[in-house]
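Using this note's numbering, the letters of the sequence shown correspond one by one to residues 59 to 601.
What follows is a short report on a single structure.
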Amino acid sequence: MAVAARGGIEHGEVFTRQWVVDTILDLVGYTVDQDLTQKKLVEPSIGSGAFFLPIVTRLLESARAHDVAIGSLGGCLFGLDLQPGHVETCRERTETLLSVAGASEEEIQSLLASWLKHGDFLLDEIPWNVDFVVGNPPYIRSDDLDDDVEAEYRKRWRTMRGRADIYVGFYERSLAILAEGGKLGYICADRWMRNAYGKPLRALVSSHYAVESVWQMHDVDAFESQVSAYPAITVVAKTEQGAATVIDTTHEFSDASALEAKTFVQGNATEAKGMGWEGARLPSWFETDDFWPAGKPHTIKILERLQEHFPTIESDGATKISIGVATGADKAYIISQDAVCGVEPDRLMPIVMADDIRAGFLKPPTKLLLNPWDENGKLVDLAAYPRFAQVLGSHEAVKKRFVAKKNPLTWHRTIDKVYPELAERPKLLLQDMKAQITPVLEPGGFYPHHNLYYIVSSTWDLEVLGGILLSRIAEAFVSAYGVKMRGGTLRFQAQYLRKITVPRPETIPEDVAQRLRAAFRSSDRDAATLAAEEAYGLPACSL
Numbered sequence: 059m060a061v062a063a064r065g066g067i068e069h070g071e072v073f074t075r076q077w078v079v080d081t082i083l084d085l086v087g088y089t090v091d092q093d094l095t096q097k098k099l100v101e102p103s104i105g106s107g108a109f110f111l112p113i114v115t116r117l118l119e120s121a122r123a124h125d126v127a128i129g130s131l132g133g134c135l136f137g138l139d140l141q142p143g144h145v146e147t148c149r150e151r152t153e154t155l156l157s158v159a160g161a162s163e164e165e166i167q168s169l170l171a172s173w174l175k176h177g178d179f180l181l182d183e184i185p186w187n188v189d190f191v192v193g194n195p196p197y198i199r200s201d202d203l204d205d206d207v208e209a210e211y212r213k214r215w216r217t218m219r220g221r222a223d224i225y226v227g228f229y230e231r232s233l234a235i236l237a238e239g240g241k242l243g244y245i246c247a248d249r250w251m252r253n254a255y256g257k258p259l260r261a262l263v264s265s266h267y268a269v270e271s272v273w274q275m276h277d278v279d280a281f282e283s284q285v286s287a288y289p290a291i292t293v294v295a296k297t298e299q300g301a302a303t304v305i306d307t308t309h310e311f312s313d314a315s316a317l318e319a320k321t322f323v324q325g326n327a328t329e330a331k332g333m334g335w336e337g338a339r340l341p342s343w344f345e346t347d348d349f350w351p352a353g354k355p356h357t358i359k360i361l362e363r364l365q366e367h368f369p370t371i372e373s374d375g376a377t378k379i380s381i382g383v384a385t386g387a388d389k390a391y392i393i394s395q396d397a398v399c400g401v402e403p404d405r406l407m408p409i410v411m412a413d414d415i416r417a418g419f420l421k422p423p424t425k426l427l428l429n430p431w432d433e434n435g436k437l438v439d440l441a442a443y444p445r446f447a448q449v450l451g452s453h454e455a456v457k458k459r460f461v462a463k464k465n466p467l468t469w470h471r472t473i474d475k476v477y478p479e480l481a482e483r484p485k486l487l488l489q490d491m492k493a494q495i496t497p498v499l500e501p502g503g504f505y506p507h508h509n510l511y512y513i514v515s516s517t518w519d520l521e522v523l524g525g526i527l528l529s530r531i532a533e534a535f536v537s538a539y540g541v542k543m544r545g546g547t548l549r550f551q552a553q554y555l556r557k558i559t560v561p562r563p564e565t566i567p568e569d570v571a572q573r574l575r576a577a578f579r580s581s582d583r584d585a586a587t588l589a590a591e592e593a594y595g596l597p598a599c600s601l
């Protein structure tokens, strides 16, 4: 039997609290009022029975209510685990439940043999066309998997790409074994919804399945021990996509809160809130393999509407979002204006740094870039620029860079090519990391450093666009799709800025455009938000 983790590594088991288990079983419809004796359920990682024992209890109650003999339930359940000790513990506890229910010894042993197996869910033979898959998949990082086993996992399960953790494979196989109309209910890390390695799984779900409900539970005490896996309850069905519910929770969320939230999910209300939670009902889910949003359900509902009706910033083909120049050795390439050391003037390019806009406005930049590229995008001949070559060559770090070692004849190049015309264009600048979105106008004359993201456009008045980006609407996109650091700091990277949808500039009334322009110039976030809401056709104070 292959072992899925390296020696000394835990097998990723985290034990789920009872009320969380009950919530998931209720959400997928595994309830005693149904004839569960006619259904088939698989639990891929039984552990010591946190899910499996309540499942057995519900099955036995349903059998009693529908007058079905216990001995005929062998095909109703299938649970397995990689660790023999867990299987044995679960067998003993299940045996007790069956005995109390009145099963004979022969029936007990027959059911245990049918229901519980020692095995690897990703490699071994399991039932197909099942009605339910539920549980808490193991959380094991890709780096901690045995090399041979990981290779076999990745060979079999195409969603396990990049740095995908093992639970991604569990999702794929669980979805694959569902019968038409079947449902998956997991409590699991939700990082796959909004990072690169989750893209194949998002594509699979959005193309062939329906997301029914997502409960974000990052701060909830959902497990018997503390974990840092950013968990969420996710319910996915093998059916056509319809309405979907989103629940966001706080540390106050409890078993009583879960009952309230479940009532909302199973009802018709469009929005609701209770102790430690709030929820929204979306008309559909996000039909894309791109990042899925996270955050307040009310906000997600607004973003879903905006994405349906407005284009993204770059969609006009005349607006570009990108990042500034990476040199690979800033201490060599970036110098102060008072330290030019006789370098040939046409090898010096004014550069704007993150520090120059950190206060929320543009301070006069004081740095210069030693630029090895000419106006045609070609590397300059060092023989024609001896002083430039001498100053740059005096830094050992320059020639130690990978890009220099790869081609020693072009050791003086920056990692990124420099395009002189970019320096002259007006641009909006954004710091990579900041608590709030804060676009700053650079009217032209400076090249952006790689700690800055920039926007250039031939269709937008950049001050009007800057007003939209200053608004809480634009920030909501970045917050929903991006990475939030400790302390609430957001990452304003190009991949997240590209998610922002905007009205077409020609559709914005002139008075609204003027309000956006004025709000941007005065850094008035409230005024920018009110004007942006009008530009989007949203009610005032939507966010």
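Idealized CB from N, CA, C, for every residue including glycine.
| In this structure, what does DSSP give as the bridge partners for E372? | The residue labelled residue 372 in the question sits at position 314 within the sequence shown. According to DSSP, which records beta bridges pairwise, E372 is partnered with nothing at all.
| request: Return the CA-CA distance between A598 and T357, expressed in angstroms with no decimal places. | output: One-based indexing of the sequence shown puts residue 598 at position 540. One-based indexing of the sequence shown puts residue 357 at position 299. Taking the straight line joining both Cα atoms gives about 14 Å.
| task | Provide the residue span of the alpha helix (DSSP H) that contains P258, from first to last. | result | Within the sequence shown, residue 258 is the residue found at index 200, counting from 1. Its alpha helix (DSSP H) spans residues K257 to H266.
| query | Are there 16 or more other CB atoms within 10 angstroms of the CB of K475, so buried, or fewer, so exposed? | reply | In the sequence shown, counting from the first residue as 1, residue 475 sits at position 417. With a 10 Å radius around the Cβ and a threshold of 16 neighbouring Cβ atoms, K475 comes out exposed.
| field | Residues near S394 in its chain [Cβ-Cβ closer than 8 Å; skip 5 each side] | value | Position 336 of the sequence shown, counted from the first residue, corresponds to residue 394. Closer than 8 Å at the Cβ level, and outside the excluded window around S394, lie T424, K425 and L426.
| query | Are there 16 or more other CB atoms within 10 angstroms of the CB of F460, so buried, or fewer, so exposed? | reply | The residue labelled residue 460 in the question sits at position 402 within the sequence shown. Answer is exposed; the Cβ neighbour count stays below 16.
| field | Rounded C-alpha distance that separates P484 from P478 | value | Position 426 of the sequence shown holds residue 484. Position 420 of the sequence shown holds residue 478. Going by the C-alpha atoms only, they are around 13 Å apart.
| task | For V158, count neighbouring Cβ atoms within 10 angstroms of its own Cβ and tell me buried if that reaches 16, exposed if not. | result | What you label residue 158 is simply residue 100 of the sequence shown in a count that begins at 1. Classification for V158: exposed.
| task | Classify D182 as helix, strand or coil using the three-state DSSP reduction. | result | Here residue 182 is taken as the residue at index 124 of the sequence shown, counted from 1. Coil.
| query | Secondary structure at G240, three-state DSSP: helix, strand or coil? | reply | Counting from one through the sequence shown, the residue named residue 240 turns up at place 182. Correct three-state label for G240: strand.
| Could you give the uninterrupted runs of the beta strand (DSSP E) lying entirely in the segment 99–162, keeping only those of 3 residues or more? | 99–101 and 135–139
| Under 9 Å between C-beta atoms of I224 and L169 | Position 166 of the sequence shown, counted from the first residue, corresponds to residue 224. Position 111 of the sequence shown, counted from the first residue, corresponds to residue 169. No. Outside cutoff.
| task | Could I get the ranges of all uninterrupted alpha helix (DSSP H) runs contained in the segment 405–493, with 4 residues as the minimum, in chain order? | result | 444–451, 454–458, 460–464 and 478–482
| request: Quick one: grab the DSSP three-state call for R682. | output: No answer is possible for residue 682: it lies beyond the span of the chain, which begins at 59 and ends at 601.
| message | Using only the alpha-carbon positions, how far apart do L131 and A237 sit? | response | Translated into the one-based positions of the sequence shown, residue 131 becomes position 73. Translated into the one-based positions of the sequence shown, residue 237 becomes position 179. Distance between the alpha carbons of L131 and A237: 19 Å.
| said: Out of D490, N187, W335 and R116, which one is the CA nearest neighbour of T152? | reply: Here residue 152 corresponds to residue number 94 of the sequence shown, with the count starting at 1. With distances taken between Cα atoms, T152 lies closest to R116.
| message | Using the three-state DSSP reduction, which class does V61 fall into: helix, strand or coil? | response | As a position in the sequence shown, residue 61 is number 3, starting the count at 1. Low confidence applies to V61: its pLDDT is 38, below 50, so where it sits in the model is not reliable enough to give any reading.
| query | In the structure shown, what three-state DSSP assignment does E68 receive? | reply | Stepping through the sequence shown from its first residue, residue 68 is reached at position 10. Reliability fails at E68, whose pLDDT of 46 lies under 50, so the model's placement of it is uncertain and the value that follows must be treated cautiously. Correct three-state label for E68: coil.
| said: Tell me the residue span of the alpha helix (DSSP H) that contains K359. | reply: Counting from one through the sequence shown, the residue named residue 359 turns up at place 301. Counting along the chain, the alpha helix (DSSP H) containing K359 begins and ends at P355 to H367.
| request: Output the boundary residues of the alpha helix (DSSP H) element that contains A301. | output: What you label residue 301 is simply residue 243 of the sequence shown in a count that begins at 1. Where A301 is concerned, there is no enclosing alpha helix (DSSP H), given that its DSSP letter is neither H nor E.
| request: Name the two residues that bound the continuous beta strand (DSSP E) containing G337. | output: Translated into positions along the sequence shown, residue 337 becomes position 279. That run of the beta strand (DSSP E) goes W335 to L340.
| query | Where do the ends of the alpha helix (DSSP H) carrying F535 lie? | reply | Taking the sequence shown and counting its residues from 1, the one referred to as residue 535 is at position 477. In the DSSP annotation of this structure, the continuous segment of the alpha helix (DSSP H) that includes F535 starts and ends at R530 to Y539.
| Beta-carbon proximity of V294 to Y255, cut-off 9 Å | Reading the sequence shown from its first residue, position 236 is the one you call residue 294. Reading the sequence shown from its first residue, position 197 is the one you call residue 255. Going by beta carbons, V294 and Y255 fall outside the 9 Å limit.
| said: Out of D178, A327, L340 and I166, which one is the CA nearest neighbour of L361? | reply: As a working note, residue 361 is residue 303 in the sequence shown. Ranking D178, A327, L340 and I166 by CA distance to the CA of L361 puts L340 first.
| Neighbourhood of A222 by C-beta, 7 Å cutoff - its chain only, sequence neighbours within 5 removed | Reading the sequence shown from its first residue, position 164 is the one you call residue 222. Closer than 7 Å at Cβ, skipping near neighbours: S200 and Y255.
| field | Extent of the continuous beta strand (DSSP E) run through R97 | value | Counting from one through the sequence shown, the residue named residue 97 turns up at place 39. First, the amino acid is wrong: residue 97 is Lys here, not Arg. Unbroken run through K97: none, as it is neither H nor E.
| query | Relative to the ligand COA, is the shortest distance from any of its heavy atoms to the C-beta of P258 smaller than 8 Å? | reply | Ligands are entirely absent from the displayed structure, and the ligand COA is therefore not among its contents.
| What residues match up with I82 in a beta bridge as DSSP calls it? | On the sequence shown, residue 82 is found 24 positions in, with the first residue counted as 1. DSSP output for I82 lists no bridge partner at all.
| request: Count the C-beta pairs between the segment 226–240 and the segment 182–190 that are closer than 8 Å, then say yes if the count reaches three, no if not. | output: yes
| query | Run through DSSP, which three-state label would T565 get? | reply | For the purposes of this step, residue 565 is identified with residue 507 of the sequence shown, where counting begins at 1. Correct three-state label for T565: helix.
| said: Is the separation between the beta-carbon of F344 and that of P561 shorter than 9 Å? | reply: Position 286 of the sequence shown, counted from the start, is the residue given in the question as residue 344. Position 503 of the sequence shown, counted from the start, is the residue given in the question as residue 561. Result no, Cβ atoms of F344 and P561 do not sit closer than 9 Å.
| field | Under the three-state DSSP convention, the category Y554 falls into | value | Translated into the one-based positions of the sequence shown, residue 554 becomes position 496. Of the three classes helix, strand and coil, the one that applies to Y554 here is helix, per DSSP.
| Closest to E568 by CA distance: which of E521, I415, K542 and A338 is it? | As a first step, residue 568 is located in the sequence shown; it is residue number 510 there, counting from the start. Nearest of E521, I415, K542 and A338 to E568, Cα basis: E521.
| field | Limits of the unbroken alpha helix (DSSP H) element including A593 | value | By 1-based counting over the sequence shown, the position of residue 593 is 535. Taken as a continuous stretch (DSSP letters only), the alpha helix (DSSP H) holding A593 covers R583 to Y594.
| said: Give me, in chain order, the residues of the same chain whose beta-carbon lies closer than 7 Å to that of K320; leave out the 5 immediate sequence neighbours on both sides. | reply: Along the sequence shown, read from residue 1 onward, the residue named residue 320 stands at position 262. For K320, where only same-chain residues beyond five positions count, the Cβ hits under 7 Å are T81, D84 and L85.
| Other residues of its chain near L555: CB distance less than 6 Å, five sequence neighbours each side excluded | Taking the sequence shown and counting its residues from 1, the one referred to as residue 555 is at position 497. Closer than 6 Å at the Cβ level, and outside the excluded window around L555, lie I379.
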